[in-house]
Amino acid sequence: MTLRRKLVTYSLTLVTLILFLITIFPFFIIVINSAKASLEIMTNPITFPKHWGQLLTNIKIIWSKPTIRYSASLFTSVVITFFSLLTISIFSAMAAWVLVRTKSKASTFIFLLFLSGLIIPFQVVMFPLVSLFRIINETTGIPMLRTFHGMILAYIGFGAPLAVFMFHGFIKSIPKELEEAATIDGCNKAQVFFLIVMPILKPIFVTIIILNAIWIWNDFLLPSLVLGVGQDVQTIPLAIRAFAGSFVKKWDLIMTAVLMAAAPIVVGFLIAQKHIIKGMVSGSIK
Numbered sequence: 001m002t003l004r005r006k007l008v009t010y011s012l013t014l015v016t017l018i019l020f021l022i023t024i025f026p027f028f029i030i031v032i033n034s035a036k037a038s039l040e041i042m043t044n045p046i047t048f049p050k051h052w053g054q055l056l057t058n059i060k061i062i063w064s065k066p067t068i069r070y071s072a073s074l075f076t077s078v079v080i081t082f083f084s085l086l087t088i089s090i091f092s093a094m095a096a097w098v099l100v101r102t103k104s105k106a107s108t109f110i111f112l113l114f115l116s117g118l119i120i121p122f123q124v125v126m127f128p129l130v131s132l133f134r135i136i137n138e139t140t141g142i143p144m145l146r147t148f149h150g151m152i153l154a155y156i157g158f159g160a161p162l163a164v165f166m167f168h169g170f171i172k173s174i175p176k177e178l179e180e181a182a183t184i185d186g187c188n189k190a191q192v193f194f195l196i197v198m199p200i201l202k203p204i205f206v207t208i209i210i211l212n213a214i215w216i217w218n219d220f221l222l223p224s225l226v227l228g229v230g231q232d233v234q235t236i237p238l239a240i241r242a243f244a245g246s247f248v249k250k251w252d253l254i255m256t257a258v259l260m261a262a263a264p265i266v267v268g269f270l271i272a273q274k275h276i277i278k279g280m281v282s283g284s285i286k
């Protein structure tokens, strides 16, 4: 290895290390400050805690605080995230499969409609969405605001475009002969999809589930519009917001609540990161 090559390698390694430290620093701050009292955070925010046992104390306070109702917020987040992911992944895969196998101008047009959902920013449609939910409530009597199904429906609408795009790119690489052979063996359309196509889509499914889980679990803006801040039905990000009052911010409880909320997503991401990279590459190239 020449001197120039070594210099380039060491430089790239150094840049990667610096970027890693910058990325991990906020999480490091959250971890060490979640095991401190508020006074210790204000005086020594970047030092290790004196007693890690304070973390358990903070968790007990959060879990038992009646005004926050963290357990109820956790249940709400789990229900909304689970059913949103289930619907987005399965129905987007089915839609992409039909669009790929149906060669027509209509299927191309519908696929372009899905792609347009990736271009339009959420901020453009967030207020019309709330107005639409109010109109549906007034005309049909079906409550869409401050409900589970309203949140799930909104997440399906915003999560489907990317999912369809990724599934579409991967399904095009699947040989059609596999499906034709299954049809000859007596499988109907549903059996072909669930028994033949769906197992092949595993890398994309994992990618879609993890990416959307991170987004839905941590989302604050959409729940604040559809559910409202300080309401009976609220997700974890809305519950964490309650610790930050107008005059007093309980940083010890905020840090601990953020750590509790981030832990499941971080663990899931670390477990499935290989599938995420594989799925992203497969969905964009194939």
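Counting along the sequence shown from 1, when you hit position 194 you're at 194 in the UniProt record's numbering, and nothing is skipped either side.
We put the CB at the ideal spot given by N, CA and C, even for glycine.
Every value quoted in this text rests on a predicted model; they were computed, and no experiment measured them.
Taking just the CA atoms, how far does VAL206 sit from ARG101? Using only the alpha carbons, I get a separation of about 23 Å.
Sequence ranges, alpha helix (DSSP H) only - wholly within the segment 10-66, length at least 4: The segment 10-66 contains these whole alpha helix (DSSP H) runs: 38-43, 54-64.
Minimum C-alpha distance to THR235 - residue among ILE152, PHE220, LYS249: The residue with the shortest Cα to Cα distance from THR235 is PHE220.
Output needed for residue 289: all residues of its chain with C-beta closer than 8 Å, excluding positions within five of it in sequence on either side, in chain order. As displayed, the chain neither begins before 1 nor continues past 286, which places residue 289 out of reach and without an answer.
Could you check where the alpha helix (DSSP H) with GLN123 kicks off and where it finishes? Secondary structure note for GLN123: its alpha helix (DSSP H) is the uninterrupted segment 122-140.
Reduced DSSP category for ALA72 - H, G, I as helix; E, B as strand; rest coil: It is helical.
Taking 8 Å as the threshold (C-beta atoms), are ILE46 and ILE29 in contact? It is a contact, given that the beta carbons lie within the stated cut-off.
How many Å lie between ILE22 and ALA37 at the Cα? Rounded to whole angstroms, ILE22 and ALA37 show a C-alpha spacing of 25 Å.
Rounded to a whole number of angstroms, what is the C-alpha to C-alpha distance between LEU113 and MET151? One C-alpha to the other measures close to 22 Å.
Buried or exposed: where does LEU132 fall if 16 or more other Cβ atoms within 10 Å of its Cβ makes it buried? Exposed, since its Cβ has fewer than 16 Cβ neighbours within 10 Å.
Does the Cβ-Cβ distance between ILE240 and ILE80 come in under 8 Å? In this structure, ILE80 does not lie closer than 8 Å to ILE240 by Cβ.
GLY117 - containing alpha helix (DSSP H), residue span: It spans 105-119 - the alpha helix (DSSP H) in which GLY117 sits, taken as one unbroken run.
Put ALA244 into one of helix, strand or coil per three-state DSSP. It is a strand residue.
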